[in-house]
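Protein chains in written order, with the numbering used here: chain A, 807 to 1305; chain B, 426 to 970. No residue lacks a Cβ here, since even glycine has one placed at the ideal position from N, Cα and C. Just so it is clear, the structure is predicted and the values come from calculations on it, not from any experiment.
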Amino acid sequence: MNRAPVLFLNVAVVAACGLVYELLAGTLASYVMGDSVTQFSLIIGLYLSALGVGSWLSKYLEQGLARRFIEIELAVALLGGFSAPILFLIFAHMRHFYPALYGMVFAIGVLVGLEIPILMRLLKDSFEFKDLVARVLTFDYLGALAASILFPILLVPYLGLVRTSLAFGLLNGLVGLWATFILRPQLARVAGLRVRCALVLVLLAAGFAGAGYLTSLAEDNLYNDEIVYAKNTHYQRIVVTRGGGGFQLYLNGHLQFNSIDEYRYHEALVHPAMASCATPRRVAVLGGGDGLALREILKYTQVEQVTLVDLDPGMTELSSSFPPLAVLNAHSFDDPRVRVVNRDAMLWLEECNESFDVVLVDFPDPSNFSLGKLYTTRFYRLLKARLAPGGRVAVQSTSPLFARKSFWCINRTMGKAGFHVKPYQTAVPSFGVWGFSLASQTEFELPHTISAEVRSLDTPSLAALFVLNADMGPVEVEINRLDNQVLVRYYDDELRRWD
Amino acid sequence: MTRMTRREILRLFLGAPALAALGGCGTSKQERDLPPGSLAGASLDFGHRLRTEAPPEPPSEAWQSAGVVIVGGGVAGLSAAWRLLRAGYRDFFLLELESEAGGTARGGRNAVTAYPWGAHYICAPSARNRPLTDLLGEMGILDGTDERGEPVVGEQFVVRDPDERLFHMGRWEEGLYQRAGASEEDLRQLAAFEALIGKYAGMRDGQGRRAFEIPLSLGSDDAILAELDRMSMAEFLSRNGFTSERLCRFVRYACRDDYGAELEQTSAWAGVFYYASRLVRSSSESRPLVTWPQGNGRIVEYLTSLAREKIRTGLAVADVNPVERNGKAEVEIRAFDRVNECGAAYRAKCVIFAAPQFLARYVIRPWRSDPPSHVGAFEYGAWMVANLTLKDRPAEPGYPLCWDNVIYDSPSLGYVVATHQAGRERGPTVFTYYYPLCDSDPKQARARLLATDRDAWAETALADLARPHPEIRSLCERLDVMRWGHAMVRPKPGFLWGQARRQAAAPFRGIHFAHSDLSGVALFEEAQYQGVRAADEVLKVFGVG
Ligand SMILES: Cc1cc2nc3c(=O)[nH]c(=O)nc-3n(C[C@H](O)[C@H](O)[C@H](O)COP(=O)(O)OP(=O)(O)OC[C@H]3O[C@@H](n4cnc5c(N)ncnc54)[C@H](O)[C@@H]3O)c2cc1C
């Protein structure tokens, strides 16, 4: 019987798989916690001690060693193989993440710890003790070496954590199946074992094939509430969720509004500008495809025409036809005064030759370069050129509290472009403190009263908008230009700090 | 260590690059089919004709006269025309070989966008470069001047951020210096290199001239600096103890990018010039780069529009002959008319020769039998440029699509994105892919360039681009190739401050020379300078301006 060398190969595979599961767990823990040294040493320590526990437990296994070995192998295949997908799915629920992570590492460690002693016992009759120990340990360490090299270079970059873990699960499963052949002489019946092996392999293969589906499952977990609408348009992913007595719109995973408190945001965006403009006849909204700013603008009877420029036809169509949204924006898109232009606002401004009395700028936050350009001196200069004398502009300018530099960068950049700017803020519970900038070509008075019907702004609270707390005051910032895009970098830094 | 955002962790879980890579594997059938496209090229048959055929002899009624004939309508020739027109001098023709003026700064255009065929940017000029400041002012590119009196380029013309990225180990990173994984020693050497360049940038000679200026002629010709010209950039790096591989690659990229030459083939003066001339004073502040979708083709379009009625295209000048007629010196110019297959002939008081120097020995009649020694000193690199029209942007890991996108370890220089400066971040675009042939023997490079046809170049470009963009073949709808046989003059060691350049720039019997190769570095600013200088010489002869 010369099955010994093959069994040594098993040792290597078992060791490699074990180490990969351990590395997966360590990588994950350090990404989630950020403290890689602590996390890696914790995971390694836990895994090694579990190996010890497993080895110690192995002495209690006495009969049917070959069968036990294969069963343990299958258990490792399942547990290790599905470790990353499982952690992935519970990742969104932080409270369960750590128990699951450490539990998983420990369980895998125990199982792998059982395997090596069993294998040695299976082989003990074929070898002298000194050879046996030497060979088993050699293959054990070689397997670990292979895994530790492959992991960072090939596995993580090309397969990602989920597929890596499933692939190694498959490998463990195959070792199990293979063992039913090599250890055939020591096994009474093999049919049942082989069926179980096949089952495990099918499960893992299905997991591997369906790894992409995990994204959509995971997305559900990313949002706190039930998804009622989701669509990938050419430009972005639109998701509408419902919960907590309202509904919420997300673009690319970023909350745009919550129907419960959006009125605070949109009243603050629209009314100060409208109220401080003597003749708000022609109005433009840049961004704001949800139609909620439109709803506020259309409250003014003097308004003759509103041009809404939003990149994404998918968004404006949804806002005009998807009932909850259309009701929320008071069917603004059906108003004959409204004209919709689906274009990049900057390209539109470059070609535009109309002028406007009020322009409301409601873009998503400057989280990437294509959005950052919409907050540059170039953009504001183009905008200024389109403003009728005595016109007003209001810009959503991120949070003066958690993105203070970004907020001041936008205000300063508008100033550099020649605007007289008055920063202001309001509280929107879904977002926190939110900032805006009211601007005009010339010095202007703050508005005192709002003639339209509003919920949040009476005379004292309107004045209070323009009072910034001390912790939102000006900070030193650079001007955001097309050729430096500093704002994207400020915003990214600030976002990371608060995320 | 910074914490990752949720989204980044999700991406890590799912191995985003794997998805892209797997997507690219399924296209094996398409791999054989190349996208359609054409082979453009500086008229290559002409060189052969020049050497084998006698120049045409048109009938006497076909002769036309003018005060000045400009031979060659690249940036140098067009700038000469611009200068003459600014001086109010209109008695001239500009003869251009190709069907369009512009030379290596030409651009093209299709339904998607305008795109460059060669030169694609200039550095924002200092006020000291009057001709360029004037030109950009005329074109409406400048927004006045800053507090130091320096011209300010309009924000929309300065290369937009994100401007540069590097593809290495499966990811795009910001910038052209590969920072990820750099050791302390690497970074120390980078800083030392930058400091050394800063020192050169701040140097002034006894007359207060900066050592390195664009154009060269504004700077110092001090002998000590000219010493640098005697060694290669490779030697310069090793003499100064720069051994870091990353740094050497970074500098090598610069030499290949600006001069189409390897470190060993580039004069250290030229290598330092590349960096130092771009700095504002000695600070680390760089001059902004200025670009348009069609690259410098935008300037060509402007210059062409001014001189339109003076430009004659499709004329290959084959003979420039200084003669004596009725006791007066003049120059006869004979050309093949490439459209009508007949000859064209001009008589002029002066010629501005704005075609490359290597042609002078075949075209200037007295030099055919007796070429002056300097003509042989001019060497030119060969380049291939491909324009890929894409129906959409490739998906990619890492830093987002930039203006300039470089692939580490590639024989190419990567690609620029034509829609970048227009702010079009989505949908179809054109990638302009640059490939210099840096063989040490330029003849060999040219032979290699011309022996390779459109399909083979297309295959080269696609295979290279498939590394960062596995799906490039399925996105590419058209791939046009340009072969530049004499793309740009090589600033090899000893050439910039040797005798040849000076000798070649001296007028010869009514012929004034203007091509950018007289500067030894192929740059827009040099072409403009040479064109304007030659026009000034001519105006002086006529007592105009
Ligand atoms: C691929 C590439 C990329 C480059 N990128 C840049 C860049 O980004 N920035 C930059 O500043 N520079 C760049 N350059 C350098 C560029 O060459 C110069 O900026 C400048 O355009 C050179 O102009 P020129 O007029 O001196 O020469 P050319 O462009 O060579 O013009 C010579 C002209 O003469 C014509 N001609 C030649 N022979 C005859 C004849 N017998 N009769 C009539 N006409 C003739 C030619 O057709 C041509 O139009 C690049 C060059 C290449 C090849």
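Between the alpha carbons of Trp1154 (chain A) and Val882 (chain A) lies a gap of roughly 59 Å. When the five nearest sequence neighbours on each side are left out, the beta carbons in the same chain lying within less than 8 Å of the beta carbon of Asp878 (chain B) are those of Leu464, in order along the chain. Interface criterion not met: the Cβ of Thr844 (chain A) is under 8 Å from no Cβ in chain B. Of the candidates B:Val946, B:Gly579, B:Ala881 and B:Ala769, the residue whose Cα lies closest to the Cα of Val697 (chain B) is B:Val946. Annotated as proximal: Val764 (chain B) and Gly739 (chain B), with beta-carbon spacing under 8 Å. In this structure, DSSP gives Ile495 (chain B) an extended state, which the three-state scheme calls strand. The C-alpha of Gln782 (chain B) is placed about 15 Å away from the C-alpha of Ala741 (chain B). Proximity to Phe1250 (chain A) across A:Ala1084, A:Gln1054 and A:Gly1050 peaks at A:Ala1084, based on C-alpha coordinates. Residues of chain A with a Cβ closer than 7 Å to the Cβ of Gln581 (chain B) are, in chain order, Arg1184 and Leu1288. Counting C-beta pairs with one atom in each stretch, the region 911-929 of chain A and the region 855-868 of chain A have three or more that are closer than 8 Å, which means they touch.
The DSSP-derived three-state label of Arg1210 (chain A) is helix.
Using a CB distance cut-off of 8 Å, Ser1212 (chain A) does not count as an interface residue toward chain B. Residues of chain B with a Cβ closer than 7 Å to the Cβ of Met1152 (chain A) are, in chain order, Gly848.
For Thr854 (chain B), there is no enclosing alpha helix (DSSP H); the enclosing beta strand (DSSP E) covers residues Thr854 to Leu862. Residue contact with chain A for Pro587 (chain B): present (Cβ-Cβ distance below 8 Å to some residue of chain A). In the DSSP assignment, Ile1103 (chain A) falls within the alpha helix (DSSP H) that extends over Leu1098 to Ile1103. Of all residues in the region 1029-1059 of chain A, only His1040, Tyr1041 and Gly1059 place a beta-carbon less than 8 Å from a beta-carbon of chain B.
Note on geometry: alpha-carbon atoms of Trp507 (chain B) and Leu728 (chain B) lie some 7 Å from one another. At least one heavy atom of ligand 1 lies less than 7 Å from the C-beta of Ala501 (chain B). The beta carbon of Thr558 (chain B) is closer than 7 Å to those of Pro550, Ala552 and Pro576 in its chain, skipping five residues each way along the sequence. Against Arg674 (chain B), chain A offers no close residue; the least beta-carbon distance is about 21 Å (beta-carbon pairs closer than 8 Å). The count of Cβ pairs closer than 8 Å, one atom from the region 866-875 of chain B and one from the region 900-920 of chain B, reaches three, so the stretches are in contact.
Between the region 1156-1171 of chain A and the region 1047-1067 of chain A there are three or more inter-stretch CB-CB distances shorter than 8 Å, so the stretches are counted as touching. At a Cβ-Cβ threshold of 8 Å, His940 (chain B) and Ala802 (chain B) do not count as neighbours. In the three-state DSSP reduction, Lys868 (chain B) falls in the helix class (H, G or I). By the criterion of at least three beta-carbon pairs nearer than 8 Å, the region 568-588 of chain B is in contact with the region 1274-1291 of chain A.
Scanning chain A for C-beta atoms nearer than 7 Å to the C-beta of Val584 (chain B) yields Asp1289, reported in chain order. For Pro718 (chain B), no Cβ of chain A is located within less than 8 Å of the residue's own Cβ. Between the C-alpha atoms of Leu965 (chain A) and Ser971 (chain A) there is a straight-line separation of about 9 Å. Separation of the CB atoms of Ala807 (chain B) and Leu862 (chain B) is rounded to 4 Å, and the pair is thereby assigned contact status at 8 Å.
If you keep only unbroken beta strand (DSSP E) runs of at least 3 residues inside the region 894-959 of chain B, you get 901-914 and 936-938. Tyr1071 (chain A) counts as buried, since at least 16 other C-beta atoms from the protein chains shown sit within 10 angstroms of its C-beta.
At least 8 Å separates the CB of Pro893 (chain B) from every CB of chain A.
For the region 1161-1180 of chain A, the set of positions with a beta-carbon nearer than 9 Å to some beta-carbon of chain B reads Asn1174, Phe1175, Ser1176, Gly1178 and Lys1179 in chain order. Contiguous beta strand (DSSP E) elements confined to the region 1127-1205 of chain A occur at 1144-1147, 1162-1168 and 1193-1202, taking only those with 3 or more residues. A check of alpha carbon separations from Lys1179 (chain A) across B:Glu580, B:Ala526, B:Trp597 and B:Pro483 identifies B:Glu580 as the nearest.
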